[in-house]
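A.B. asks: Have a look at this one.
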Amino acid sequence: MDLRAGSKSAAAIDRARAQGRAALICYIPAGYPDVQSTIDAGIALARNGADLIEIGIPYSDPVMDGAVIQAATTEAIANGFRVSSVFDIVAAITAATDAAVLVMTYWNPVLRLGVDEFARRLADAGGAGLITPDLIPDEAAEWLAASDKYGLDRVFLVAPSSTPERLTRTVAASRGFVYAVSIMGVTGTRTAVSSSAEKLVANTLAAGADRVCVGLGVSTADQVREIAAYADGVIVGTALVAALRDGGVPALADLTKELSSGLRPAGTEAD
Amino acid sequence: MATTPAASAQDGPADAFLSGAKGTGPGHESLRHAPGPYFGSYGGRWMPESLIAALDELEDTFEKAKIDPDFLARIADLNKNYSGRPSLLTEAKRFAAHAGGARVFLKREDLNHTGSHKINNVIGQALLAQRMGKTRVIAETGAGQHGVASATAAALLGLECVVYMGAEDCRRQALNVARMRLLGATVVPVTNGSQTLKDAINDALRDWVANVDTTHYLLGTAAGAHPFPAMVRFFHEVIGEEARGQILEQTGRLPDAVCACIGGGSNAIGIFHGFLDDPDVKIYGFEAGGEGVESGRHAATITLGRPGVLHGARSYLMQDDDGQTIESHSISAGLDYPGVGPEHAYLADIGRVSYEPITDAEAMEAFRLLCRTEGIIPAIESAHALAGAMKVGQRLTAGTNNAEETIIVVNLSGRGDKDVETAAAWFDLLDASTAAEAAVEAVNRATDAGPDAGSPRNDAGEDEAHGWTGE
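Which chain is which? The protein sequence lines are F and W, in order.
For the first sequence, my numbering assigns the number 21 to the initial residue and increments by one for each residue that follows.
For the second sequence, my numbering assigns the number 1433 to the initial residue and increments by one for each residue that follows.
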């Protein structure tokens, strides 16, 4: 399929795969604490080992987010964040790095702007596609059409609670990769990654997925290493947001470098 | 006409549930028993994948239960012998003078156990939770009425209950927090976002995602993801079934108008449902106009909102140009919600129901009038319906010389005990009570070492409150 071949997310994951490793996918919220900081942070992520970058759109009712990301996105909105600036952020990071840049967003801000208009502007900015935590394929007819029209990736989520039928349906609707939620819960760091993640990845691959990446609760290089052994990519969010909060872009860069060390087998050095 | 839940449900499977399953689009002859997930272009499931399996399980359990005679008999028994149904239909003869002289009948949901219509829904959902083998229910609450009702049903059925409530609402409704704790519930103050009802729903959803194996989310209104809107309506349909039968019995005919207040819209959809297929009955939903819709401080979601998705459903929504939810404002905590149930959005679009805003001031005037003319203190939510009924009555009787031939049914969805403090402040009655307290204190001081000296009452109250939190 042409569209599949054109997937920026898939290409980024495949570049990592060609190096014999999983991809590192890093989340930061847009406009936290301001737009220029997000651009600087995104570039720092890419230069320190992130293969894909998720730019989160701050939203008033983020039901899948835990306390750390909620606090950051609430602050971004209070600081005057406007949705249209996410396209500037995506364009700036895409221009400066090789990373695939996705936007992660709750669905209402996309609906408000208009699904086609949102997709058009994201594609114009060089964005790879959307990750949609509260949009399931069942409700996504408009987005399926717009993402086809503009050649964007559509990353839907699967969860440990997903039935085989739903896995099949979600995999079929996804492009780029499938986002496997490691645990039943919201974003936030956890000391251990649930064993349900590995099983979910296996089931999702069995349902026909080409690329499955795991997120939720991942915060250390050891966890990255553990997941990288069975998934095509590892997604980190809360830990990075906390680093950005506590130490700004330098702390974010350090943590990203540290996390990326988990992509190589234990005991090996970077080339 | 059926007047008991069992009877109404028996006529359901025979006709309406089956025909309703074909859809509710234009041209479909019946608006009753719309099964969801869609009401026109509204409704659906705009939810994280993690919760879809639980929604499927709930839908499956509900679809089986609503045609299960044992389940329906259990609900009918609890409605009758626990909640006190059927609720009365009371003619408000002195209040009628303020509604243009039309005859006004009040559907007395205020007389139900726990003081509002909310009990209808929580009993149904708590029984479903039991059928699913879930041992824990969670709920959101604004003013505390749904939280109290949920805690009540949980106590009755031996379920663990956790209620999420905005921190600000916890402070304003301290007595309802105490009521929930008395009933054995854990109340969690929500400090996220705007610390209001919508944020309480967000936190309840976060809890649900993490604990869905053991937990049922007992949503309090006819909104949210499928099957909640159709399911919550089902449990409240008894209001409309009873009201229709009662008005026929008392007046020999259907009313000219039916009025209800709309927050999320559960009491309204319950009473409207009984009359949706009676084309000569005008139906009105009254939203919270707050300080006036032009002020920006209101909760008139259908009047001024735009379609969007929030909390799992597509419906009208108060949102800014970026799709961020706008905080609503109303003197009535129960109407203070920036969304509305999707079936109402549909009924508004097709013109079957008229939705209009009622300001805080209009509602409080109706509140005062009902107290003075009928000896009934309504919930401030329900006072919006009363204020709307006054307008509708004046409109419908204008130019006629036999106003009493116009009949209006108003859903008096709850009683106003919880609102006494708000009303006392609104009507400036606080000076008088402060004066009374001062007089008592003066007497205590005069008697010197009386049992109440040194205001021990307050201290004891604090200790008891802490005792309940300690669980």
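Yeah, the Cβ is synthetic: ideal placement off N, Cα and C, and Gly gets one too.
#1: Residue 1813 of chain W to residue 1829 of chain W, Cα distance in whole Å?
#2: List the residues that DSSP assigns as beta-bridge partners of residue 1843 of chain W.
#3: Measure the alpha-carbon distance for residue 1522 of chain W versus residue 166 of chain F and round it to whole angstroms.
#4: Using a Cβ-Cβ cutoff of 9 Å, what residues of the region 166-191 of chain F are near chain W? List them in chain order.
#5: So which of W:1703, W:1656, W:1863 and W:1561 has the shortest CA-CA distance to residue 1403 of chain W?
#6: What number of angstroms, rounded off, separates the C-alpha of residue 1623 of chain W from the C-alpha of residue 1601 of chain W?
#7: So, helix, strand or coil for residue 1718 of chain W, using DSSP?
#8: Mind pulling the chain F residues with CB within less than 9 Å of residue 1476 of chain W?
#9: So the candidates are F:231, F:59, F:92 and F:214; which of them puts its Cα closest to the Cα of residue 32 of chain F?
#10: Can you name the residues that DSSP bridges to residue 1390 of chain W?
#11: Roughly how many whole angstroms lie between the Cα atoms of residue 1499 of chain W and residue 1690 of chain W?
#12: Go ahead and pull the three-state DSSP assignment for residue 84 of chain F.
#13: Any beta carbon of chain C sitting closer than 7 Å to that of residue 1624 of chain W?
#14: With three or more beta-carbon pairs closer than 8 Å as the criterion, would you say the region 1717-1736 of chain W touches the region 1575-1594 of chain W?
#15: Helix, strand or coil for residue 11 of chain F, going by three-state DSSP, please let me know.
#16: Determine whether the Cβ of residue 1638 of chain W lies closer than 7 Å to any Cβ atom of chain F.
#17: Return no unless some Cβ of chain F is closer than 7 Å to the Cβ of residue 1627 of chain W.
#18: For residue 1489 of chain W, I'd like the list of residues in its chain whose CB is within less than 7 Å of its CB, leaving aside the five on either flank, ordered along the chain.
#19: Does the beta carbon of residue 39 of chain F sit closer than 7 Å to a beta carbon anywhere in chain W?
#20: Where does residue 1638 of chain W land, buried or exposed, given buried means 16+ other C-beta within 10 angstroms?
#21: Quick check on the DSSP output: the alpha helix (DSSP H) that includes residue 72 of chain F runs from which residue to which?
#22: Under a three-way DSSP split, which group does residue 1711 of chain W fall into?
#23: Taking the runs of the alpha helix (DSSP H) that are 4 residues or longer, which of them lie wholly in the region 1559-1593 of chain W?
#24: Whose C-beta lies closer than 8 Å to the C-beta of residue 90 of chain F among residues of the same chain, with five residues either side of it excluded?
#25: Find the nearest neighbour of residue 1699 of chain W within the set W:1519, W:1843, W:1678 and W:1554, judged by alpha-carbon distance.
#26: Whether or not the region 1790-1803 of chain W and the region 1854-1865 of chain W are in contact is what I'm after, with contact meaning three or more pairs of Cβ atoms, one per stretch, closer than 8 Å; do they touch?
#27: Out of F:257, F:252 and F:77, state which residue places its alpha-carbon closest to the alpha-carbon of residue 283 of chain F.
#28: Report the neighbours of residue 205 of chain F on chain W: residues whose CB is nearer than 7 Å to its CB, in chain order.
#29: Any beta carbon from chain W within less than 7 Å of residue 131 of chain F's own beta carbon?
#30: Decide if residue 1553 of chain W is buried, meaning its Cβ has at least 16 other Cβ atoms within 10 Å, or exposed.
#31: Would you list, in chain order, the members of the region 1719-1750 of chain W that have their beta-carbon closer than 9 Å to a beta-carbon of chain F?
#32: Could you round the C-beta distance between residue 1717 of chain W and residue 1692 of chain W to whole angstroms and report it? I think they count as a contact, below 8 Å.
#33: Buried or exposed, going by whether 16 or more other CB atoms sit within 10 Å of the CB of residue 273 of chain F?
#34: Would residue 1792 of chain W be called buried (16 or more neighbouring beta carbons within 10 Å of its own) or exposed?
#35: The alpha helix (DSSP H) with residue 167 of chain F in it runs from where to where?
#36: From the DSSP output, read off the bridge partner residues of residue 1822 of chain W.
C.D. replies: By the coordinates alone:
#1: 25 Å
#2: Answer is W:1539.
#3: Distance between the alpha carbons of residue 1522 of chain W and residue 166 of chain F: 55 Å.
#4: 176, 177, 178, 179, 180, 181, 182, 183, 186 and 190
#5: Shown here, chain W extends from 1433 to 1903; a query on residue 1403 of chain W therefore has no answer.
#6: 11 Å
#7: Strand, per DSSP.
#8: 158 and 159
#9: F:231
#10: Shown here, chain W extends from 1433 to 1903; a query on residue 1390 of chain W therefore has no answer.
#11: C-alpha of residue 1499 of chain W to C-alpha of residue 1690 of chain W: approximately 28 Å in a straight line.
#12: DSSP places residue 84 of chain F in the coil class of the three-state scheme, outside both helix and strand.
#13: In summary, chain C is missing from the structure at hand, where the protein chains are F and W.
#14: Under the Cβ criterion (8 Å, minimum of three pairs), the region 1717-1736 of chain W does not count as touching the region 1575-1594 of chain W.
#15: It is not possible to answer for residue 11 of chain F, since the shown part of chain F is limited to 21 through 291.
#16: yes
#17: no
#18: 1564
#19: no
#20: buried
#21: Looking at the DSSP string, residue 72 of chain F is not in any alpha helix (DSSP H); the run it does join, the beta strand (DSSP E), is 72-76.
#22: coil
#23: 1577-1589
#24: 82
#25: When each option's Cα is compared against that of residue 1699 of chain W, the closest is W:1843.
#26: The region 1854-1865 of chain W is in contact with the region 1790-1803 of chain W.
#27: F:252
#28: 1641 and 1642
#29: yes
#30: buried
#31: 1738, 1739, 1740, 1741, 1742, 1743, 1744, 1746 and 1749
#32: 6 Å
#33: buried
#34: buried
#35: 161-170
#36: DSSP, once it has assigned bridges, lists no residue as partnering residue 1822 of chain W.
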